[in-house]
Amino acid sequence: MDATSFCGALPQTKLPASNRNFSRSCPRARSVVSVARHSSEEFQQPDKLYSRESLVVSSSSSANKGMTASGRSYLSGPVVKRNPVGQAFCAASVVGVGAYCEGFVDSHLHVTEEKVGVLLLNLGGPETLNDVQPFLFNLFADPDIIRLPRLFQFLQKPLAKLISVLRAPKSKEGYASIGGGSPLRKITDEQADGIKMALKAKGLTANVYVGMRYWYPFTEEAIHQIKKDKITKLVVLPLYPQFSISTTGSSLRVLQNIFSEDAYLSRLPIAIIQSWYQREGYIKSMADLIGEELQKFAKPEEVMIFFSAHGVPLTYVEDAGDPYKDQMEECIYLIMQELKARGSYNDHTLAYQVGYNLI
Numbered sequence: 000m001d002a003t004s005f006c007g008a009l010p011q012t013k014l015p016a017s018n019r020n021f022s023r024s025c026p027r028a029r030s031v032v033s034v035a036r037h038s039s040e041e042f043q044q045p046d047k048l049y050s051r052e053s054l055v056v057s058s059s060s061s062a063n064k065g066m067t068a069s070g071r072s073y074l075s076g077p078v079v080k081r082n083p084v085g086q087a088f089c090a091a092s093v094v095g096v097g098a099y100c101e102g103f104v105d106s107h108l109h110v111t112e113e114k115v116g117v118l119l120l121n122l123g124g125p126e127t128l129n130d131v132q133p134f135l136f137n138l139f140a141d142p143d144i145i146r147l148p149r150l151f152q153f154l155q156k157p158l159a160k161l162i163s164v165l166r167a168p169k170s171k172e173g174y175a176s177i178g179g180g181s182p183l184r185k186i187t188d189e190q191a192d193g194i195k196m197a198l199k200a201k202g203l204t205a206n207v208y209v210g211m212r213y214w215y216p217f218t219e220e221a222i223h224q225i226k227k228d229k230i231t232k233l234v235v236l237p238l239y240p241q242f243s244i245s246t247t248g249s250s251l252r253v254l255q256n257i258f259s260e261d262a263y264l265s266r267l268p269i270a271i272i273q274s275w276y277q278r279e280g281y282i283k284s285m286a287d288l289i290g291e292e293l294q295k296f297a298k299p300e301e302v303m304i305f306f307s308a309h310g311v312p313l314t315y316v317e318d319a320g321d322p323y324k325d326q327m328e329e330c331i332y333l334i335m336q337e338l339k340a341r342g343s344y345n346d347h348t349l350a351y352q353v354g355y356n357l358i
């Protein structure tokens with residue numbers, strides 16, 4: 000797990016959301032803030048269609064080449080990561096935290112007098128069809144989702160309003176087809192309960208909170224409860240396996256703004272788990288799920304495994320130093336290596352979804 004721990008006062012650091020050419024080195028951050036993941040109702044079709052059976056695996060998010068459809072056989076070896084230093088800012092800067100503290104999780108979770116909190120960050124989603132349009136407005140009003148030049152930033156909210164109104168009817172159809180709303184809140188609440196139980200089984204006591212970026216319960220609500228509960232140590236866990244500016248990065252920006260304006264929060268030691276796509280438990284869990292589905296086919300060894308992931312503009316990767324694409328590809332490589340270790344040598348491909356093409 001890529002966990003970075005911090006303690007000390009939070010300096011008043013405001014990073015302008017419009018500045019995407021982040022040329023800051025961050026030797027402590029192993030994962031840098033990356034770039035855009037979006038809700039997508041449509042799937043892009045891969046370049047090649049396979050006549051044989053295939054298994055579709057939907058990933059949390061990824062990047063595509065200039066917002067075009069992409070379907071390709073995956074890498075035969077581990078991905079070579081681009082050097083993030085000098086291409087992006089570190090998570091410490093995003094939240095605006097101060098000194099680095101080694102061993103935060105191990106040392107502080109066992110201190111009985113401390114009140115430890117775990118904050119789960121997620122996208123959020125409309126729970127009813129009436130929620131769809133305001134949810135979309137919140138999504139597109141985020142400058143980490145739609146990047147406007149500084150001169151035109153005053154158009155951010157009017158543009159978000161226009162896009163949300165235009166897209167709402169089609170999005171409502173999609174949500175209606177799955178029961179009238181997003182299941183994300185229910186699933187995230189279940190994850191929070193599971194984490195609390197797992198920590199308790201290890202003899203650790205912690206309050207677990209859920210903060211959504213674009214719908215209820217908003218991150219601000221979770222932070223309000225954290226203050227009310229007088230939490231003294233906080234672990235921040237974004238529920239995005241791969242690190243991206245528009246997912247983890249956007250959520251951390253919300254924390255930065257809140258923390259920089261609050262005396263209590265500015266002194267609160269926090270640990271940020273920046274990415275966890277490469278964790279052994281996650282890789283094995285994904286391999287377990289794929290293995291179970293493969294067994295449903297008459298000839299499992301002949302099934303093509305199709306990885307589907309959200310797309311982001313190529314400029315996010317090249318200009319902003321987004322490591323998300325590299326992390327997604329490494330994640331898939333690790334999953335396939337795990338499957339091979341179990342005797343499954345299926346072919347596979349990776350394709351990207353596109354939700355919009357405005358930039």
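When you line the sequence shown up against numbering that gives the first Met the number 0, it's residues 0 to 358, in that order. For each residue, glycine too, the CB sits at the ideal point set by N, CA and C.
For Y213, tell me which candidate among P312, F153, M303 and T247 has the shortest Cα-Cα distance. T247
Going by C-alpha to C-alpha distance, which of G123, D188 and P142 sits closest to F134? G123
Return helix, strand or coil for N256, following the three-state DSSP convention. helix
What I want to know is whether the C-beta of S274 ends up closer than 7 Å to one or more non-hydrogen atoms of the ligand PLP. With respect to small molecules bound, the structure shown includes none, and the ligand PLP cannot be examined in it.
Quick one, which of V131, N129 and Q155 has its alpha-carbon nearest D141's? Nearest neighbour of D141 by Cα position, chosen from V131, N129 and Q155, turns out to be Q155.
Measuring CA to CA, which of I194, K185, A175 and K160 is closest to G116? I194
Hey, L119 and V207: beta-carbon distance below 8 Å or not? yes
Return the chain-ordered ranges of every alpha helix (DSSP H) run that is complete within the region 130-197 and spans a minimum of 4 residues. 131-139 and 155-175
Just to confirm my understanding: we take S50, look at its own chain, exclude 5 residues before and 5 after, and list those with CB closer than 8 Å. What are they? Any reading at S50 must be qualified, since the residue scores a pLDDT of 38, below 50, and its modelled position is unreliable; no value is offered.
Tell me the rounded alpha-carbon separation between L147 and Y323. 21 Å
Identify, in the order they occur along the chain, each residue of the same chain with its Cβ nearer than 7 Å to the Cβ of Q132, setting aside the five sequence neighbours on each side. S163, V164 and A167
K232, DSSP secondary structure in three states: strand
My assumption, with CB atoms under 8 Å, is that K339 sits in contact with K229. Please give the rounded CB distance. K339 to K229, Cβ: 49 Å. No contact.
Would you kindly work out how many angstroms separate the C-alpha atoms of G65 and F136, rounded to a whole number? Note that G65 scores a pLDDT of 40, beneath 50, so its modelled location is shaky and nothing firm can be said.
Touching or not, the region 238-247 and the region 287-295, by the rule of three or more beta carbon pairs under 8 Å? Per the Cβ contact rule, the region 238-247 is not in contact with the region 287-295 (fewer than 3 Cβ pairs under 8 Å).
Nearest to P237 by CA position, among T231, K227 and T218, is which residue? P237 has its Cα closest to that of T218, out of T231, K227 and T218.
Quick test of your reading: M361 and A308, contact by CB under 8 Å. State the CB separation rounded to the nearest angstrom. Nothing about residue 361 can be reported from this structure: the residues present for the chain run from 0 to 358 only.
Give me the Cβ distance between L233 and L267, rounded to the nearest whole Å; I'm assuming they're in contact under 8 Å. That belief holds up - the Cβ atoms of L233 and L267 are roughly 6 Å apart, short of 8 Å.
Please say whether V209 and A200 have beta carbons closer to each other than 8 Å? no
Indicate the three-state DSSP secondary structure (helix, strand or coil) for A200 in the structure shown. helix
What does a CB cutoff of less than 7 Å around G179 pick up in its chain, not counting 5 residues either side in sequence? Excluding sequence neighbours, G179 sits near T127 and L128.
Distance, Cα to Cα, T348 vs S181? Their Cα atoms are separated by approximately 28 Å.
Taking DSSP's pairing of strands, which residues face V207 in a bridge? V117
Quick check on this structure: which residue in I331, Y315, S259 and S250 has the alpha carbon closest to the alpha carbon of N278? The amino acid occupying residue 278 in the given sequence is Arg; Asn does not appear at that position. When each option's Cα is compared against that of R278, the closest is I331.
Alpha carbon to alpha carbon, how far is L226 from P216? Looking at the sequence shown, residue 226 is not Leu but Lys. So the two alpha carbons sit approximately 16 Å from each other.
According to DSSP, is T348 part of a helix, a strand, or is it coil? strand
Environment of K185 [buried if 16+ CB atoms lie within 10 Å]: exposed
Using only the alpha-carbon positions, how far apart do Y276 and A197 sit? 20 Å
Around the Cβ of A91, are there at least 16 other Cβ atoms within 10 angstroms (buried) or fewer (exposed)? Below a pLDDT of 50, predicted positions are generally treated as unreliable, and A91, at 42, falls in that range; no measurement from the model is reported.
Return the Cβ separation of L251 and I257 in integer angstroms, given the expectation that the two are a contact with Cβ distance under 8 Å. With 8 Å as the limit, L251 and I257 do not qualify as a contact, their Cβ atoms being about 11 Å apart.
Once you ignore the five residues that flank P125 on each side, which residues in its own chain have a CB closer than 7 Å to its CB? V131, F134, Y174, G180, S181 and W214
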